[in-house]
Amino acid sequence: MKILQILARLALASAVAASTAAVAHPVVYTLRTVADGKLGNHVFAEALVTLRMRADTASVVKQPSLSGGTLYKNGTGTATVTVTDASGTIVATFAQGEVYVMYDTGTGIAGFGSAISPTYPVALDCDDYAYPSDSTYKQDCLAPDWHDNHPYYNGTLAALADPSGNSGPGGNTFSDATMTLPQTLTRSTLLTGRAHSCATAYTVGADFAFGDLQACSGPAPRGLRTDHGGFFLQDQIGGSNDMNVIYYNGWELANTGSLQVEVLSDD
Amino acid sequence: MRACAATLSGFLLAAGGLALPSPSTAQTSIANPMTYAATVVTDIRIGTHRFHNAVVTLTFVGSANDITPAVDGQGQPIPSVYCSGGPWFYWLTKGSARVKVESQASVTTAHLADGQVFVALDACNGGIGFGSYVGQNGLEPAYPLAFTVGTAEVVAITSGLWSPAFMTGDAWSCIGYPPNGAGNLKGNGLCAAPDSYPLQSDAGEVFFYQLYNVTTPSGTIYSNHNGSLNRGTFAIRAGGSE
Chain A
27 MKILQILARL
37 ALASAVAAST
47 AAVAHPVVYT
57 LRTVADGKLG
67 NHVFAEALVT
77 LRMRADTASV
87 VKQPSLSGGT
97 LYKNGTGTAT
107 VTVTDASGTI
117 VATFAQGEVY
127 VMYDTGTGIA
137 GFGSAISPTY
147 PVALDCDDYA
157 YPSDSTYKQD
167 CLAPDWHDNH
177 PYYNGTLAAL
187 ADPSGNSGPG
197 GNTFSDATMT
207 LPQTLTRSTL
217 LTGRAHSCAT
227 AYTVGADFAF
237 GDLQACSGPA
247 PRGLRTDHGG
257 FFLQDQIGGS
267 NDMNVIYYNG
277 WELANTGSLQ
287 VEVLSDD
Chain B
207 MRACAATLSG
217 FLLAAGGLAL
227 PSPSTAQTSI
237 ANPMTYAATV
247 VTDIRIGTHR
257 FHNAVVTLTF
267 VGSANDITPA
277 VDGQGQPIPS
287 VYCSGGPWFY
297 WLTKGSARVK
307 VESQASVTTA
317 HLADGQVFVA
327 LDACNGGIGF
337 GSYVGQNGLE
347 PAYPLAFTVG
357 TAEVVAITSG
367 LWSPAFMTGD
377 AWSCIGYPPN
387 GAGNLKGNGL
397 CAAPDSYPLQ
407 SDAGEVFFYQ
417 LYNVTTPSGT
427 IYSNHNGSLN
437 RGTFAIRAGG
447 SE
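These protein sequence lines map, in sequence, to chains A and B.
Numbering-wise (our numbering), the first sequence opens with residue 27 and increments by one.
Numbering-wise (our numbering), the second sequence opens with residue 207 and increments by one.
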């Protein structure tokens, strides 16, 4: 009798656990950066760009990624883009299904993807060097930047993806708060890194620091559809800054970004 | 690449009980108004409530006419260890500051008491953001929120605080900046917990936290520039509204 009771309790506990894992919560994905591009007829340079999608955690799909990690995506929701420059602020709503949120835990690349490219309009933590090589580089963001750079320079995404774990070159470590950041799109987290916003490929040139990619070579083949017209991003900065300043150049002077995952009422 | 020096560190040379600019109270009309706003996702405490990974926007409204070189107790511009000539360090101490916290679909706003926070610029090393009159030295150049590297460094070195610009960079909320010292400044390798250094506001005491760091094997912050893994945006707008 006691054994039956224990088994019954275990079965009940398992059922509760399964249902808890399946509980859906509203989630807001917000990527903040500074970028160059066009929204409708409005051309902007170095403007605040905020991409946001309101969705539900139940819509997150995951699959093994080619990099050996897990690729999380959420494309079911309402997505907007807010562009703020000196002339004001424009808020546009994307056509349904035009963009999605992605996070590849294997590469450590996260951002907003689209049918144009899984890493466009914005991806964080992409390789700042031409990959696989200068001569064969055709498409951006096929590899992460911590392959070629110390992960401790690049943000939380690189820290989480660093295959050497919590040690890093030289024995540097990351704070506990960093290493415990959730790595799914179903829990609140904060993913940071250098920002790439290029549908095509960056030009390849001098390595001023931390990468030989320069600025984005061309616009996307079409605008992402919004209620304010086509939305384009084309990074004009990238690693092209050679300021000959005291310490940093190139990609250290590039724009960065953060992707915040906020699950509502998940306290 | 040279060993890392401090961004914004020159401001600390003005501390130590020396004469600091007298911040004004709120102004009814501002000539040549400018709005400076930093946004970052981080932990912040207002009163007794600590928000985790909230969207924090710190906004400061002041006049570009009031941006001045940061000076020492004798009224002399603070020299730079790494750049000749100058002045290199500027601040805007007169103005009003407020904090907006967005978390779990709610918004909390705190108006900071005048005279605690200033807009800070290091045009030598490329630092920009908000400093304050708190901490063990009575002055912190990168607390409550300041930025290094990224396009923030480009703006800091070129157009500075005087022209509209939008930028990104590594976000610091560090009591004890520069943690690794620079020149005559001797950091202890760490950013101190802010809990002993409240900023006063109409919503209670305010504390900014810095959670995402890189540390060396000895436990110190890895670098004065790259030690923080958080990233944020900084906006400079003409006019006096958000």
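Every residue, glycine too, gets a C-beta built ideally from N, C-alpha and C.
Small disclaimer: the values here were computed from a predicted structure and weren't measured.
- Among the bridge pairs identified by DSSP, Ser302 of chain B is matched with B:Val267.
- If you ignore the 5 residues before and after Pro239 of chain B, its C-beta comes within less than 8 Å of the C-beta of Val267, Gly268, Ser269, Ala270, Ala444, Gly445 and Gly446, all in its own chain and listed in chain order.
- Rounded to whole angstroms, Val325 of chain B and Asp238 of chain A show a C-alpha spacing of 34 Å.
- According to the DSSP assignment, Val340 of chain B belongs to no beta strand (DSSP E), since it is labelled neither H nor E.
- Thr421 of chain B is positioned such that its CB atom lies closer than 7 Å to that of Thr199 of chain A.
- Here Lys164 of chain A is exposed, its C-beta having fewer than 16 other C-beta atoms within 10 Å.
- Around the beta carbon of Thr245 of chain B, a 10 Å sphere encloses 16 or more other beta carbons of the protein chains shown; the residue is thus reported as buried.
- The beta-carbon separation of Gly137 of chain A and Leu279 of chain A, rounded to 20 Å, does not stay under the 8 Å limit for a contact.
- Residue environment for Val412 of chain B: buried (at least 16 other C-beta atoms within 10 angstroms of its C-beta).
- With the criterion set as a beta carbon lying under 7 Å from some beta carbon of chain B, the members of the region 59 to 72 of chain A are Thr59, Val60 and Glu72, in sequence order.
- Contacts between Phe372 of chain B and chain A, judged by CB atoms closer than 8 Å, involve Val60, Glu72, Ala73, Leu74, Thr110 and Asp111 in chain order.
- Per the C-alpha coordinates, the member of A:Gly63, A:Pro147 and A:Trp172 positioned closest to Tyr157 of chain A is A:Trp172.
- If you draw a 10 Å sphere on the C-beta of Ser424 of chain B, you find fewer than 16 other C-beta atoms in it, and that means exposed.
- Taking 8 Å as the cut-off between beta carbons, the residues of the region 269 to 291 of chain A near chain B are Met269, Val271, Ile272, Tyr273, Tyr274, Glu278, Leu279, Ala280, Asn281, Thr282, Gly283, Ser284, Gln286, Glu288, Leu290 and Ser291, in sequence order.
- Under the three-state reduction of DSSP, Tyr288 of chain B is assigned to coil, being neither helix nor strand.
- Here Glu359 of chain B carries a helix assignment [DSSP, helix/strand/coil].
- At a C-beta separation below 9 Å, Tyr418 of chain B has these neighbours in chain A: Gly181, Thr182, Ala185, Phe200, Ser201, Ala203, Thr204, Leu207, Leu216 and Thr218.
- Judged by beta-carbon spacing, Gly103 of chain A lies beyond the 7 Å limit of Ala118 of chain A, meaning their Cβ atoms are not closer than that value.
- Flagged as an interface residue toward chain B: Gly197 of chain A, by a C-beta distance shorter than 7 Å.
- For His68 of chain A, the three-state secondary structure derived from DSSP is strand.
- Beta bridge pairing from DSSP links Lys99 of chain A with A:Val87 and A:Met128.
- Closer than 7 Å to the CB of Leu367 of chain B there is not a single CB belonging to chain A.
- For Glu308 of chain B, the closest of B:Pro347, B:Ser369, B:Asp249 and B:Thr241 by C-alpha to C-alpha distance is B:Asp249.
- Under the Cβ distance rule, Tyr403 of chain B does not count among the residues neighbouring chain A, no pair being separated by less than 7 Å.
- Beta-bridge partners assigned by DSSP to Cys224 of chain A: A:Gln260.
- For Asp202 of chain A, the enclosing alpha helix (DSSP H) has its first and last residue at Asp202 to Met205.
- In the three-state reduction of the DSSP assignment, Ser402 of chain B falls in the helix class, which pools H, G and I.
- The contact set of Ile252 of chain B on chain A, defined by CB atoms closer than 9 Å, is empty, because the minimum CB distance reaches about 17 Å.
- Here the C-alpha atom of Asp278 of chain B lies approximately 29 Å from the C-alpha atom of Val305 of chain B.
- Secondary structure of Gly139 of chain A (DSSP, three-state): strand.
- Residue contact check for Tyr428 of chain B against chain A: a CB pair falls below 7 Å.
- Rounded to the nearest whole angstrom, the CA to CA distance from Thr299 of chain B to Ala84 of chain A is 48 Å.
- Inclusion of Leu435 of chain B and Thr212 of chain A in the CB contact set at 7 Å is not warranted, their separation being larger than that value.
- Among the residues of chain B, those whose CB is under 9 Å from the CB of Ile263 of chain A are Thr357 and Val360, following chain order.
- Here the region 247 to 254 of chain A lies against the region 115 to 129 of chain A, with 3 or more beta-carbon pairs under 8 Å apart.
- Counting only the Cα atoms, Cys167 of chain A lies some 15 Å from Phe236 of chain A.
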